[in-house]
Amino acid sequence: MYVQELRLLDYRNITDQTLTFDPGVNVISGMNAQGKTNIIEALWLFSAFKSFRTAADRDFINHERDAAGLQARFVRHGREYTAKLKYYRDRRREIYINDIKMKPGEAVGNFLSVLFFPEHLNLVKSGPEQRRRFLDFALCQLRPGYLDALNRYNRILYQRNSLLKSPERAVGYDIGVWDEKLAAAGAEVYLQRLKYTERLLSHAAQTALQISEGAEQLGLVYRSCCSGAADRQEAERMLYDSVRAAYARDTACGFSTVGVHKDDLEICINGRPARAFGSQGQQRSAVLALKLAETEIIKEEYGEYPVLLFDDVFSELDSRRREYITGRIMGKQVIITACEDGGFESAAKVFRVEAGQAREV
Ligand SMILES: Nc1ncnc2c1ncn2[C@@H]1O[C@H](COP(=O)(O)OP(=O)(O)O)[C@@H](O)[C@H]1O
Ligand SMILES: [Mg+2]
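Throughout, the numbering used here is defined as the position within the sequence shown, counted from one, plus 1.
This is the structure we're talking about:
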């Protein structure tokens, strides 16, 4: 699939812009703080309906305005779609696909994209939270019901935590009820993340071997308080038991110390944790392999490649890894941002962004 056109109105530092993309490689170049990432973020919003940068939707609205509008025209399985997003300062955002108003859970899966941005380059070294976020973002796009389960889990967790923080408010509440609900939502999150990890590995292992010319065997282990559970029921029971057992400690800490919000995705190279033993190059190859695997899984699931959004990652890679990626992105639509325009012989279109204005060069 590919995006034909993106129209932005009062979106961050972009007042009124229409960008027309090529179905191949598109480069967005420009100096720092001009609006390159803003364009990538705008496209990403049509896939995830939330940003990879800010939590609050009102941040998208130009400081001087009260509303922002985004419109994307894209082609999927040969059919044209129009998606619209409207953000307001004083009310909830609205999502339209072909003029039909939708909730994020319904709209997800229409515009497919894979985002690769600088934070990903540190994925192996960074904390478990970033790795869970990686899985969560990928799963939200793949399994519309996943977002619901995750939101449910987080809501229950939040309520349980507020009871733990102020036990006087917990009088009359049975925390066991929250524990049951937490275990039910958590088991769903666990199972989806576990299945996705297995699927990721089946694609990424091959890529890791190719990048390293056979030297690096990638391994992925999803570590959870439910690890070892044979099925959903058992996962739910294990989660419930662990949460119950942690009650005294949780009360002392004032928050829930056990649950899928503490799980981790361990990335190994040749059987050893890459976090502790991998070189920076090896760690980056592992991440590349994961991002490309994410792309292949979407292709398997939806029958078409997603649009690849690469924000500022190319300049960070050495020439061998750049070459490898260049080979793998052939035949797909890619939108790449970079400080310089050089080095992209395969670019079909180059835009230059200056103070929120993009023009083709
Ligand atoms: N809501 C907003 N209103 C106006 N300008 C904004 C808003 N949010 C961000 N910006 C501006 O957008 C620019 C950052 O754009 P960004 O796309 O991150 O730059 P880069 O080209 O480095 O990727 C900054 O100049 C910032 O001040
Ligand atoms: Mg940027």
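Heads up, the beta-carbon is just placed ideally off N, CA and C, and yes, glycines get one too.
Checking 8 angstroms against the spacing of the C-beta atoms, do residue 116 and residue 352 come in under that value?
Here the question's residue 116 lines up with position 115 in the sequence shown. Here the question's residue 352 lines up with position 351 in the sequence shown. Not a contact, by the Cβ cut-off of 8 angstroms.
Hey, residue 269 and residue 277 are a contact pair by Cβ (cut 8 angstroms); roughly how many whole angstroms apart?
The sequence position of residue 269 within the sequence shown is 268, counting from 1. The sequence position of residue 277 within the sequence shown is 276, counting from 1. That pair is no contact at about 10 angstroms.
Three or more C-beta pairs below 8 angstroms linking the segment 241-258 and the segment 205-220
Taking 8 angstroms as the limit for Cβ pairs, the verdict is that the segment 205-220 does not touch the segment 241-258.
Excluding the five sequence neighbours on either side, which residues of its own chain have a C-beta within less than 6 angstroms of the C-beta of residue 85, listed in chain order?
Against the sequence shown, residue 85 aligns to sequence position 84. Scanning its chain for C-beta atoms nearer than 6 angstroms, with the 5 sequence neighbours on each side dropped, one finds around residue 85 the residues 72, 97, in chain order.
Can you tell me which of 271, 161, 266 puts its alpha carbon nearest to the alpha carbon of residue 215?
What you label residue 215 is simply residue 214 of the sequence shown in a count that begins at 1. Comparing Cα positions, the closest option is 271.
What separation, rounded to the nearest whole angstrom, lies between the Cα atoms of residue 346 and residue 327?
Numbered from its first residue, the sequence shown carries residue 346 at position 345. Numbered from its first residue, the sequence shown carries residue 327 at position 326. Approximately 10 angstroms between the Cα atoms of the pair.
Return the CA-CA distance between residue 54 and residue 138, expressed in angstroms with no decimal places.
Along the sequence shown, read from residue 1 onward, the residue named residue 54 stands at position 53. Along the sequence shown, read from residue 1 onward, the residue named residue 138 stands at position 137. Rounded to the nearest whole angstrom, the C-alpha separation of residue 54 and residue 138 is 13 angstroms.
Since residue 153 is in the alpha helix (DSSP H), which residue starts that stretch and which ends it?
Residue 153 sits at position 152 when you count from the first residue of the sequence shown. For residue 153, the uninterrupted alpha helix (DSSP H) segment begins and ends at 145-166.
Does DSSP put residue 39 in a helix, a strand or coil?
As a position in the sequence shown, residue 39 is number 38, starting the count at 1. Secondary structure of residue 39 (DSSP, three-state): helix.
Identify every run of the alpha helix (DSSP H) within the segment 202-249, keeping only runs that are complete inside it and at least 4 residues long; order them along the chain.
Those alpha helix (DSSP H) runs which fall completely within the segment 202-249 and span 4+ residues are 233-246.
Residue range of the beta strand (DSSP E) that includes residue 353:
For the purposes of this step, residue 353 is taken as the residue at position 352 of the sequence shown. Per DSSP, residue 353 belongs to the beta strand (DSSP E) from 348-355.
Residue from 109, 63, 3, 78 whose Cα sits closest to the Cα of residue 50:
Residue numbering aside, residue 50 sits at position 49 when the sequence shown is read from its first letter. Distances from the alpha-carbon of residue 50 to those of 109, 63, 3, 78 put 109 closest.
Have a look at 169, 180, 229, 11 and flag the residue whose alpha-carbon is nearest the alpha-carbon of residue 158.
As a first step, residue 158 must be located in the sequence shown, where it is residue number 157. Looking at the Cα atoms, 180 is the closest of the given residues.
Starting from residue 72, trace the beta strand (DSSP E) both ways and give me its first and last residue.
Here residue 72 refers to the residue found at position 71 of the sequence shown. Judged by DSSP secondary structure, residue 72 falls within the beta strand (DSSP E) whose first and last residues are 68-77.
Cross-strand partners of residue 267 (DSSP beta bridge):
Position 266 of the sequence shown holds residue 267. Bridge partners of residue 267: 222.
Under the criterion of a Cβ to heavy atom distance below 7 angstroms, does residue 265 qualify as lining ligand 1?
Translated into the one-based positions of the sequence shown, residue 265 becomes position 264. Checking every heavy atom of ligand 1 against the Cβ of residue 265, none is found closer than 7 angstroms.
Sorry if obvious, but does the Cβ on residue 16 come closer than 7 angstroms to a heavy atom of ligand 1?
To locate residue 16, count along the sequence shown from 1; it is residue 15. No, the beta carbon of residue 16 sits no closer than 7 angstroms to any heavy atom of ligand 1.
Quick one: what's got a C-beta closer than 8 angstroms to residue 263's C-beta in the same chain, skipping five residues either side?
To locate residue 263, count along the sequence shown from 1; it is residue 262. Shown here for residue 263: same chain residues with a beta carbon closer than 8 angstroms to its own, the five before and five after excluded, namely 129, 226 in chain order.
Evaluate residue 297 with the Cβ neighbour count: other Cβ atoms within 10 Å of its Cβ, from every protein chain shown; 16 or more gives buried, anything less gives exposed.
Looking up residue 297 in the sequence shown gives position 296. Classification for residue 297: buried.
Are there three or more Cβ pairs, one per stretch, closer than 8 angstroms when the segment 116-126 is compared with the segment 140-157?
With the cut-off at 8 angstroms, the segment 116-126 and the segment 140-157 do not touch.
Residue list, Cβ distance to ligand 1 heavy atoms smaller than 5 angstroms
In chain order, the hits are 13, 14, 33, 34, 35, 36, 37, 38, 39, 63, 64.
Quick one: grab the DSSP three-state call for residue 95.
Position 94 of the sequence shown holds residue 95. Note: residue 95 maps to strand in three-state DSSP.
Apart from the five residues just before and just after residue 154, which ones in its own chain have a Cβ nearer than 6 angstroms to its Cβ?
Against the sequence shown, residue 154 aligns to sequence position 153. Cβ within range, chain order: 186, 187, 190.
Per DSSP, the bridge partner or partners of residue 6
As a first step, residue 6 is located in the sequence shown; it is residue number 5 there, counting from the start. Residue 6 is bridged to 21, 74.
Would you decide whether residue 307 is buried or exposed? Buried here means 16 or more other CB atoms lie within 10 Å of its CB.
Working through the sequence shown from its first residue, we reach residue 307 at position 306. Buried.
Can you name the start and end residues of the beta strand (DSSP E) that residue 359 belongs to?
On the sequence shown, residue 359 is found 358 positions in, with the first residue counted as 1. First-last of the beta strand (DSSP E) with residue 359: 358-361.
Return yes when the C-beta of residue 198 is under 7 angstroms from any heavy atom of ligand 2, and no when it is not.
Residue 198 sits at position 197 when you count from the first residue of the sequence shown. Shortest gap from the CB of residue 198 to any heavy atom of ligand 2: 7 angstroms or more.
Using a Cβ-Cβ cutoff of less than 7 angstroms, which residues in the same chain neighbour residue 294 once the five nearest sequence positions on both sides are dropped?
For the purposes of this step, residue 294 is taken as residue 293 along the sequence shown, with counting starting at 1. Cβ neighbours of residue 294 beyond the five flanking positions: 201, 204, 205, 208.
Is the segment 311-318 touching the segment 244-254, taking contact as three or more C-beta pairs under 8 angstroms?
Contact check between the segment 311-318 and the segment 244-254: fewer than three CB pairs, one atom from each, fall below 8 angstroms, which does not count as touching.
Excluding the five sequence neighbours on either side, which residues of its own chain have a C-beta within less than 6 angstroms of the C-beta of residue 74, listed in chain order?
The sequence position of residue 74 within the sequence shown is 73, counting from 1. These residues qualify, in order along the chain: 5, 6, 83.
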